[in-house]
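Down below is the structure, laid out as C-alpha cells.
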C-alpha cells in the first residue's frame, strides 16, 4: 500500500524522467502503429479480394501471425539487426528505430487480418454500388475503408494495445538504455528487479491510465453504439 | 478517422529524427553494476569529462560475451574469469584490465536452518546447504555469479536434490526476491544484496575466503565496432587509471562501500589476477 502512495507522489511530483519514458513509449508504439496501418490496410484489402487456394492460404497465414509471441519477434529481429546479422550494417540494434521495427511486425498482422475480416463482412451491396459507380481501384479502397471504419478503428485500437503494453520485443531490441530506449514496460521490469517498487508502480499506473484512456477516447469518439 | 490518420502521420514524421545519435559508446555490463546503481553514477561523470554518452545494456556475463563476439557492443564489463579466459583463447581480446573487486556472499534465511554460518570454508557452507532441507535458489543463466556457484558445488562435491534447487533464469535482484519468498539460500554479489536489503528478508550467512572473491574486468574485443574503438579505450583508461576510479571508490549503498577499485600497481592484466591485499572483515 505504501508503494502505491509513493507511486502517486512520484507521478504528482512531475519527475522529468518519468515523462520522458512515457514519451518514448508513446512515440515508439504510435510510430509502429502508423507503419503497420500504412502497410496493413492495403494488405487486408488485397487479401479480402484474393481468390483461390493462394488467397485462402495467405489469409490463414496473416491470421496465424496475429499470435506471434513478442519474445520470438524480439529474438529473430535481434539476429537480423545484430552487427553480425544480415542487416547489421544499418546499425539499428538498441535504438528506438529497432523497437519500432519490432512492434510494427507485431501490429501488422492484427491490422491486416482484422481489416480483411471487416471488408469481408461488408454487405454485397457495398461492392456492387462501388462497381456500378465505375470507381477506380483507389476510390473503391477508400469507400470500403469508410464502410468498414468501425471494425477497422477497433482493429487499430487492438494493435495499439498490443504494442504499447508489450515487453519482449522492446527489451530485446531496445536494450532498456537509459534516456534512449527505456519504455514504460521495460522500466517497470527493471525498477522491480532493482527493488524500487514505488517507481515500478508509478510507471505501471501511467501505463494503465494511458492504455485505458486511449481506448475510452477512441471508443466514445468513433465506436459508440447509436442510441 | 481523418484526424486519427493525421496524428499517425505526425508520429511517422518524428521517426525520421529518432535514428540520429550523438557521440555514444555502447557497452554491456553485468547486471550487478546496473542494479547496484553504480552505472547511474558513472554515466554522468564520464559524459561530463569526455562528452560521450554511455549506453549500457545490462545482462549476465554469459550474454555480455555473446554481444561482444557479435560486435553489438564496443566494451564489456564482466565478472567471470573463466569466460574471459575463453575470449583470450579465441584470440578476441584487444584490451583487458581488472577494474574492481568485491565479494560474493552466501545469503539465506535469518534462522540459517542448514547451519552454514559455522562452516570452515565457502565450499563447506555450500555442502551444508546441499545436505539441509532449505532450497537453494540459483541464477541458472550463465552469469558470472552462476558460474561461480557451479564452481562452488564442484569443490563442495555435493549438490542439493533437484527438487530443492530452484533456477530462476533471471538477474541477481529477482533471484534474491525468489530466495526471500522461498526462504532459501542464494549466492549473490554483495552490492545487489546491499541494494535490496530493505526489500528482501535474507541475511549474510557466509562471506570468507578466496573462493568468494568477485573480480570485475573491462574487456575490449577485436570485434568491437571500428567507429567506437577510440571512445571504448578512452572509457577503459578513465575507469582504470582516471577519475572513474574515484567514482567507484566513493560509491556507497546505505553508507557502505560495495565496490573496491583495483589496487594501483597490482597485477591487473589477466583473468586470473587477484588483488594483492585481500581485505578482511
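Chains as they are written, first to last, in the working numbering: chain X, 1 to 227; chain R, 228 to 508. For each residue, glycine too, the CB sits at the ideal point set by N, CA and C.
| Query | Result |
| --- | --- |
| Per DSSP, residue 325/R forms a beta bridge with which residues? | 444/R |
| With residue 259/R as the anchor, note down where its alpha helix (DSSP H) starts and where it stops. | 258-262 |
| For residue 177/X and chain R, any beta-carbon pair shorter than 9 Å? | yes |
| Quick check on this structure: which residue in 367/R, 337/R and 282/R has the alpha carbon closest to the alpha carbon of residue 288/R? | 367/R |
| Please list the segments of the beta strand (DSSP E) lying wholly inside the segment 401-457 of chain R, counting only runs of 3 or more residues, in order along the chain. | 412-416, 430-433 and 440-448 |
| What residues match up with residue 283/R in a beta bridge as DSSP calls it? | 254/R |
| Indicate whether at least one CB of chain X lies closer than 9 Å to the CB of residue 246/R. | Residue placement at residue 246/R cannot be trusted, given a pLDDT of 47 that sits under 50; what the coordinates show is reported in the next sentence. By this cut-off, residue 246/R is an interface position. |
| Applying the 10 Å Cβ sphere with the 16-neighbour rule, what's the burial state of residue 408/R? | exposed |
| Smallest Cα separation from residue 400/R: which of 285/R, 353/R, 255/R and 271/R? | 285/R |
| What are the partner residues of residue 487/R, as DSSP defines its beta bridges? | 328/R |
| Taking the alpha-carbon of residue 251/R as reference, which of 48/X, 219/X, 3/X and 94/X has the nearest alpha-carbon? | 94/X |
| Would you mind working out which of 370/R, 364/R and 372/R sits nearest residue 404/R, comparing C-alpha positions? | 364/R |
| Take the Cβ of residue 49/X as the centre, count every other Cβ of all protein chains shown within 10 Å, and call the residue buried at 16 or more, exposed below. | exposed |
| Looking at the secondary structure, which residues open and close the alpha helix (DSSP H) in which residue 127/X lies? | 124-132 |
| Against chain X, does residue 448/R count as a neighbour if the rule is that its beta carbon must be under 9 Å from one of theirs? | no |
| Report the neighbours of residue 83/X on chain R: residues whose CB is nearer than 7 Å to its CB, in chain order. | 297, 298, 299 and 452 |
| With DSSP collapsed to three states, give me the class of residue 303/R. | strand |
| Within its chain, find whatever has a CB closer than 7 Å to the CB of residue 452/R; leave out the 5 residues flanking it on each side and keep chain order. | 298 and 301 |
| Leaving aside the five residues before and after residue 130/X along the sequence, list all residues of the same chain whose C-beta is less than 6 Å from its C-beta, in chain order. | 140 and 143 |
| Cβ closer than 8 Å: which chain X residues qualify as neighbours of residue 398/R? | 193 |
| Quick one: does residue 88/X have its CB under 9 Å from some CB of chain R? | yes |
| Please classify residue 419/R as buried or exposed, where buried requires at least 16 neighbouring CB atoms within 10 angstroms. | buried |
| If you draw a straight line from the alpha carbon of residue 387/R to that of residue 356/R, how long is it in whole angstroms? | 7 Å |
| For residue 45/X, which residues in chain R fall below 8 Å Cβ to Cβ? | The contacting residues do not exist; residue 45/X stays about 15 Å from chain R at best. |
| When you check each C-beta in the segment 91-110 of chain X against every C-beta of chain R, which residues fall closer than 9 Å? | 91, 92, 93, 94, 95, 96, 97 and 100 |
| Could you tell me if residue 380/R is buried or exposed, where buried requires 16 or more neighbouring beta carbons within 10 angstroms of its beta carbon? | buried |
| So, are the CB atoms of residue 324/R and residue 495/R less than 9 Å apart? | yes |
| How many angstroms separate the CA atom of residue 269/R from the CA atom of residue 474/R? | 7 Å |
| Using a Cβ-Cβ cutoff of less than 7 Å, which residues in the same chain neighbour residue 85/X once the five nearest sequence positions on both sides are dropped? | 79 |
| Assuming residue 330/R contacts residue 417/R under a Cβ cut-off of 8 Å, what Cβ separation, rounded to an integer in Å, is found between them? | 5 Å |
| In chain order, which continuous runs of the beta strand (DSSP E) of length 3 or greater are located wholly inside the segment 52-126 of chain X? | none |
| Check distances from the C-beta atoms of the segment 149-183 of chain X to those of chain R and list, in chain order, the residues that come in under 9 Å. | 149, 152, 153, 156, 175, 176, 177, 178, 179, 180 and 181 |
| Rounded to whole angstroms, how far is the Cβ of residue 29/X from the Cβ of residue 127/X, which I believe are closer than 8 Å? | Incorrect: roughly 34 Å between the Cβ atoms, too far for contact. |
| Which two residues bound the contiguous beta strand (DSSP E) that contains residue 214/X? | Run containing residue 214/X: none in the beta strand (DSSP E); it sits in the alpha helix (DSSP H), 197-218. |
| In the structure shown, what three-state DSSP assignment does residue 492/R receive? | coil |
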